[in-house]
Ligand SMILES: Nc1ncnc2c1ncn2[C@@H]1O[C@H](COP(=O)(O)OP(=O)(O)O)[C@@H](O)[C@H]1O
Ligand SMILES: O=C(O)[C@H](O)[C@@H](O)[C@H](O)[C@H](O)COP(=O)(O)O
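Residue numbers (this note's numbering): 22 to 203.
Okay, structure coming up:
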């Protein structure tokens, strides 16, 4: 007699938490993104590591990226989100424009965008205090000019970066869990 094959009663698959930590240069994407991923026990990927050298060199030379520079990079970001085999993933990616986020969502529709939002003063101070990074603080103006705030129809968490890191992290994780229904 064959052993009956038991199929689990619960046919729901565990939710996968896909997060893009977005914002202009200096907003804390790499720093907070890594802390959020650690707190949620999911992998972190810094979008800066996904840029082709041509983009890195262009920014390091003080020239802002344009749409053409960014599309291949955003494609990689979207694929990394869509193809994660973990319980989720956090990717640091500026995702400045609405059309960039639409492109990411076309690959991973459930992506939550965590926007690290800050004033020019705070952002400038953070960039001036940063060392060993290719991105010149002088490009902050072009970043702010390109930034399009999250729309009301986007899965979003918006955090003010002037808070202390611990408060900021707690607010970010709570916001992600709220939006994802966890
Ligand atoms: N909440 C914070 N409070 C104080 N300093 C911060 C905070 N978040 C980031 N920083 C610092 O600000 C600088 C920019 O952070 P970074 O993570 O590199 O930003 P991004 O990846 O968005 O460019 C770094 O020197 C980092 O240590
Ligand atoms: O133009 C962009 O879309 C952004 O500049 C993005 O590419 C990233 O922000 C840079 O790589 C700088 O790195 P940080 O954001 O870590 O300063």
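Cβ coordinates follow ideal geometry from the N, Cα and C atoms, glycine included.
As the structure is a computational prediction, the values presented were derived from the model and not from experiment.
Where residue i falls, given that 16 or more other Cβ within 10 Å makes a residue buried
| i | result |
| --- | --- |
| residue 101 | buried |
| residue 94 | buried |
| residue 152 | exposed |
| residue 91 | buried |
| residue 199 | exposed |
| residue 86 | buried |
| residue 202 | exposed |
Chain-order list of residues whose beta-carbon lies under 8 Å from that of residue i (same chain, five-residue window excluded)
| i | result |
| --- | --- |
| residue 161 | 45, 46, 47, 141, 144, 145 and 148 |
| residue 81 | 155, 156 and 157 |
CB-CB length for residue i against residue j, believed under 8 Å
| i | j | result |
| --- | --- | --- |
| residue 57 | residue 194 | 6 Å |
| residue 97 | residue 71 | 5 Å |
| residue 105 | residue 39 | 7 Å |
| residue 179 | residue 171 | 6 Å |
| residue 119 | residue 169 | 5 Å |
| residue 114 | residue 150 | With 8 Å as the limit, residue 114 and residue 150 do not qualify as a contact, their Cβ atoms being about 22 Å apart. |
6 Å Cβ shell around residue i - same chain, five flanking residues per side excluded
| i | result |
| --- | --- |
| residue 37 | 109 |
| residue 49 | 137 and 182 |
| residue 55 | 65 |
Contact under 8 Å by Cβ, residue i with residue j
| i | j | result |
| --- | --- | --- |
| residue 99 | residue 125 | yes |
| residue 133 | residue 176 | yes |
| residue 135 | residue 197 | yes |
| residue 128 | residue 107 | no |
Short CB-CB distance (under 8 Å) between residue i and chain D
| i | result |
| --- | --- |
| residue 46 | Absent from the structure is chain D; it holds one protein chain and no more. |
Residues near residue i in its chain [Cβ-Cβ closer than 7 Å; skip 5 each side]
| i | result |
| --- | --- |
| residue 122 | 116, 134 and 175 |
Query raised in the report: Curious, which full-length alpha helix (DSSP H) runs of at least 4 residues does the region 53-101 contain?
Result: Entirely contained in the region 53-101, the alpha helix (DSSP H) runs reaching 4 residues are, in chain order, 74-81.
Query - Within the region 125-173, ranges of the alpha helix (DSSP H) (whole runs, at least 4 residues) - result: Complete alpha helix (DSSP H) runs here, min 4: 141-149 and 161-167.
Query raised in the report: Mind listing, in chain order, the residues whose beta carbon lies closer than 5 Å to a non-hydrogen atom of ligand 4?
Result: Here the bound small molecules are ligand 1 and ligand 2; ligand 4 is not part of this structure.
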